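Residue numbers (my numbering): 15 to 248. Quick reminder that beta carbons are idealized off the backbone N, C-alpha and C, glycines included. All figures in this text were calculated on a predicted structure; none of them were measured in a lab. Scroll down for the structure; my scribbles are underneath it.
The following block contains the structure:
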């Protein structure tokens with residue numbers, strides 16, 4: 015009942031501070047699988063999808079003041095999808111993977127969106143881990159390899175000297191914690207999406223995998239903010 019009450023409040027046009035507080039409470043409650051059973055419905059998932067700005071056509075990513083709401087809504091979706099098989103099935107019905115890819119594209123070359131990117135990528139990782147149909151959809155329909163590789167390239171701030179050769183700066187600064195976390199989530203999602211990609215059939219696929227290999231090499235030469243984060247990145 016508490017979760018349902020929170021979602022009823024979130025469905026209304028309330029203040030940003032109230033939305034964030036409600037989402038934080040829901041995120042904590044959503045760690046309990048028993049709590050999720052009565053609230054994992056299409057309607058409730060759609061409430062969170064709207065708050066996460068996943069329908070960027072109807073509701074574009076514009077107001078910075080809404081960014082904390084977007085991040086918390088994405089965190090809630092991560093917990094709910096991880097803990098609920100019903101939510102995993104609903105995510106396919108709602109075409110959540112396509113929405114997440116679109117939001118990633120919206121974040122491209124924008125400021126103050128690292129947290130949004132990070133939890134968008136984490137949700138793509140979870141979906142591709144838990145649902146084989148979504149893994150196939152990402153690979154075949156949504157250009158998932160390209161989208162995720164570009165997200166990794168952006169997180170690592172790759173500069174190119176040749177088509178498949180990244181610049182090697184000996185005095186390059188370590189990545190920030192946010193950049194490192196984004197890169198790690200992108201790598202995890204890429205692993206899932208490319209898991210069955212042993213046979214490369216087209217010229218475009220060949221280019222995409224060579225491009226990704228160059229970025230992965232650059233990643234191995236990159237350091238994070240701490241020794242532990244560098245080890246996790248590698």
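Close CB contacts of residue 175 within its chain, under the 8 Å cut and outside five residues either way in sequence, are with 181 (chain order). For residue 55, the secondary structure class from DSSP, reduced to helix, strand or coil, is coil.
Taking every protein chain shown into account, the CB of residue 232 has 16 or more other CB atoms within 10 angstroms, so this residue is buried.
Annotation: residue 89 to residue 193 spans about 18 Å, alpha carbon to alpha carbon. Looking at the DSSP output, residue 176 bridges to 179. A distance below 7 Å between beta-carbons, with the five flanking residues on each side excluded, links residue 102 to the following residues of its chain, in chain order: 95, 144 and 145.
Under the three-state reduction of DSSP, residue 165 is assigned to helix. Apart from the 5 residues on each side of it in sequence, residue 106 sits with its Cβ closer than 7 Å to the Cβ of 145, 147 and 148 in its chain, given in chain order.
Residues of the same chain with a CB within less than 6 Å of the CB of residue 84, apart from the 5 flanking positions on each side, are 66, 67 and 130 in chain order.
With fewer than 16 other CB atoms across the displayed protein chains lying within 10 angstroms of its CB, residue 30 is exposed. When DSSP states are grouped into helix, strand and coil, residue 157 belongs to the coil group. DSSP, reduced to helix, strand and coil, places residue 127 outside both helices and strands of the structure shown, so it counts as coil. Rounded to the nearest angstrom, the gap between the Cα atoms of residue 126 and residue 78 is 8 Å.
Counting along the chain, residue 100 sits inside the alpha helix (DSSP H) bounded by residues 99 to 107.
Secondary structure of residue 146 (DSSP, three-state): helix. Looking at 150, 185, 177 and 23, the one whose alpha-carbon comes closest to that of residue 204 is 150. Taken atom to atom, the span from the alpha-carbon of residue 48 to that of residue 24 is near 21 Å. Counting the other CB atoms within 10 Å of its CB gives residue 163 a total of 16 or more, which places it among the buried residues.
Residue 38: member of the alpha helix (DSSP H) spanning 30 to 43, first to last residue. Residue environment: residue 183 is assigned as exposed (fewer than 16 neighbouring CB atoms within 10 Å of its CB, all protein chains considered). Shown here, residue 77 sits in coil according to DSSP, grouped into three states, outside any helix or strand.
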